[in-house]
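>
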């Protein structure tokens with residue numbers, strides 16, 4: 087007697103939901119790529135072409151000098167301000183998060199679970215909900231309107247998510263290497279630096295890229311906490327250029343600035359997107 091095997095087919099509603107999801111994602115991708123290509127074409131036009139021709143018309147003679155004009159119009163300063171803020175915030179924030187996560191994952195102490203809950207609550211609270219207290223605090227300590235003051239705020243904002251994911255990652259790590267380091271006479275700090283940090287690098291890299299993208303594109307906190315134009319980061323600087331373009335008609339320089347400031351983050355995300363997905367998924371499940 088031969089047994090028959092049947093193949094279970096997916097339910098029609100499930101197929102339809104997947105089709106709708108894929109169509110929505112495809113439309114979003116096409117819209118994003120189309121917008122970027124339009125920015126790119128517009129950045130290579132003259133102002134005359136921008137106002138007189140079809141928005142989708144190709145530039146007759148690509149104006150590569152628009153990028154130099156945009157850089158000299160202030161984009162260069164905004165770029166280095168964002169670079170300074172991003173590098174300091176991500177580096178210091180991750181190191182603090184690593185130490186806090188190590189304590190929560192490996193050092194039992196009273197109140198550790200309550201502290202972890204506080205970090206989880208911090209993930210749920212939007213940073214712009216504390217804008218007024220942050221503004222007053224930075225004013226009182228003399229950091230309002232400075233890049234260092236914004237760095238302090240960004241460090242505090244990124245720590246809750248970092249700790250939640252890093253702590254989950256560290257809980258899953260085997261203890262054998264740590265125990266071997268203790269047997270060899272290594273101190274807790276030495277063990278942390280030579281064993282824990284190297285083993286945590288997959289998650290650290292994922293969080294570094296994610297934090298870099300978030301901080302580079304952050305708008306609301308920078309707008310409120312940086313009242314002086316010499317301290318503007320890229321998003322605020324581009325807003326200022328957009329306002330100027332309404333009166334000076336230098337729209338092509340604005341689009342050139344958009345391209346210049348978006349390319350580094352696009353390249354970073356394209357290189358690290360698979361690592362981000364793997365690291366965050368693993369850390370979230372273990373957390």
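Residue numbers (this note's numbering): 87 to 373. Note that beta-carbon positions come from the ideal geometry of N, C-alpha and C, so glycine has one too.
Straight-line CA distance for residue 182 to residue 162?
Start at 1 with the first residue of the chain shown, and residue 182 comes out as number 96. Start at 1 with the first residue of the chain shown, and residue 162 comes out as number 76. Rounded to the nearest angstrom, the two C-alpha atoms are 30 Å apart.
> When we look at the beta-carbon of residue 83 and count the other beta-carbons within 10 Å, is it buried (16 or more) or exposed?
The structure shown does not extend to residue 83, since the chain is modelled only from 87 through 373, so no value can be given for it.
> For residue 119 versus residue 297, is the C-beta spacing smaller than 7 Å?
Stepping through the chain shown from its first residue, residue 119 is reached at position 33. Stepping through the chain shown from its first residue, residue 297 is reached at position 211. Cβ atoms of residue 119 and residue 297: not closer than 7 Å.
> Considering only residues of the segment 158-212, which uninterrupted alpha helix (DSSP H) runs meet the minimum length of 4 residues and lie entirely inside it, listed in chain order?
The segment 158-212 contains these whole alpha helix (DSSP H) runs: 162-192, 198-210.
> Alpha carbon to alpha carbon, how far is residue 312 from residue 208? Give it in angstroms, no decimals.
Position 122 of the chain shown, counted from the start, is the residue given in the question as residue 208. Position 226 of the chain shown, counted from the start, is the residue given in the question as residue 312. Straight-line Cα distance between these residues: approximately 24 Å.
> Give the range of the alpha helix (DSSP H) segment to which residue 226 is assigned.
Translated into the one-based positions of the chain shown, residue 226 becomes position 140. First-last of the alpha helix (DSSP H) with residue 226: 217-226.
> Suppose contacts are defined by Cβ-Cβ distances below 7 Å. Is residue 125 in contact with residue 345 by that definition?
On the chain shown, position 39 is the one that residue 125 refers to. On the chain shown, position 259 is the one that residue 345 refers to. In contact: residue 125 and residue 345 (Cβ atoms closer than 7 Å).
> Any idea what DSSP makes of residue 87, helix, strand or coil?
By 1-based counting over the chain shown, the position of residue 87 is 1. With a pLDDT of only 47 at residue 87, under 50, the local geometry of the prediction cannot be trusted, and the value read off the model is given with reservation. Coil at residue 87, not helix or strand.
> Indicate the three-state DSSP secondary structure (helix, strand or coil) for residue 132 in the structure shown.
For the purposes of this step, residue 132 is taken as the residue at position 46 of the chain shown. Residue 132: coil per DSSP, three-state reduction.
> My understanding is that residue 318 touches residue 165, with C-beta atoms under 8 Å, so please give their C-beta distance in whole angstroms.
For the purposes of this step, residue 318 is taken as residue 232 along the chain shown, with counting starting at 1. For the purposes of this step, residue 165 is taken as residue 79 along the chain shown, with counting starting at 1. Contact flag wrong, Cβ pair sits at about 11 Å.
> Should the segment 202-219 be called in touch with the segment 271-282, which here means at least 3 C-beta pairs below 8 Å?
At 8 Å Cβ cutoff, the stretches do not touch.
> Classify residue 158 as buried or exposed, calling it buried when 16 or more other Cβ atoms lie within 10 Å of its own Cβ.
Here residue 158 refers to the residue found at position 72 of the chain shown. Result: exposed.
> Excluding the 5 residues flanking residue 187 on each side, which residues of the same chain have their C-beta closer than 7 Å to its C-beta?
Translated into the one-based positions of the chain shown, residue 187 becomes position 101. So the qualifying residues of the chain are 249, 252, 253, 256.
> Report, in whole angstroms, the separation of the C-beta atoms of residue 285 and residue 133, which I expect to be a contact under 8 Å.
Taking the chain shown and counting its residues from 1, one reaches residue 285 at position 199. Taking the chain shown and counting its residues from 1, one reaches residue 133 at position 47. That belief does not hold up - the Cβ atoms of residue 285 and residue 133 are roughly 55 Å apart, past 8 Å.
> Classify residue 205: buried if its beta carbon has 16 or more other beta carbons within 10 angstroms, exposed otherwise.
Taking the chain shown and counting its residues from 1, the one referred to as residue 205 is at position 119. Buried, because 16 or more other Cβ atoms sit within 10 Å of the Cβ of residue 205.
> Apart from the five residues just before and just after residue 229, which ones in its own chain have a Cβ nearer than 6 Å to its Cβ?
If you number the chain shown from 1, residue 229 lands on position 143. Excluding sequence neighbours, residue 229 sits near 235.
> By alpha-carbon positions, which one of 310, 111, 102 ends up nearest to residue 225?
Counting from one through the chain shown, the residue named residue 225 turns up at place 139. Closest option to residue 225, Cα to Cα, is 310.
> With H, G and I counted as helix, E and B as strand and the rest as coil, what does DSSP make of residue 229?
Counting from 1 along the chain shown, the entry for residue 229 is found at position 143. In the structure shown, residue 229 sits in coil (DSSP, three-state: anything other than H, G, I, E or B).
> Is it true that the segment 255-271 meets the segment 190-199, where meeting means three or more beta-carbon pairs spaced less than 8 Å apart?
Counting Cβ pairs under 8 Å, three or more are found: they touch.
> Where residue 243 and residue 306 are concerned, what is the direct C-alpha to C-alpha distance, given to the nearest angstrom?
Residue numbering aside, residue 243 sits at position 157 when the chain shown is read from its first letter. Residue numbering aside, residue 306 sits at position 220 when the chain shown is read from its first letter. Straight-line Cα distance between these residues: approximately 13 Å.
> Given a cut-off of 7 Å on the beta-carbon distance, is the pair residue 361 and residue 231 in contact?
For this step, residue 361 is matched to residue 275 along the chain shown. For this step, residue 231 is matched to residue 145 along the chain shown. No, the Cβ-Cβ distance between residue 361 and residue 231 is not below 7 Å.
> Taking buried to mean at least 16 other C-beta atoms within 10 Å of its own C-beta, is residue 218 buried or exposed?
Translated into the one-based positions of the chain shown, residue 218 becomes position 132. The residue in question, residue 218, is exposed, as its Cβ has fewer than 16 Cβ neighbours within 10 Å.
> Starting from residue 282, follow the alpha helix (DSSP H) in both directions and report where the run begins and ends.
In the chain shown, residue 282 corresponds to position 196, counting from 1. Element bounds for residue 282: n/a, residue is neither H nor E.
> Report buried or exposed for residue 240, applying the criterion of at least 16 other Cβ atoms within 10 angstroms of its Cβ.
Locating residue 240 in the chain shown gives position 154, counting from the first residue. Buried: at least 16 other Cβ atoms inside 10 Å.
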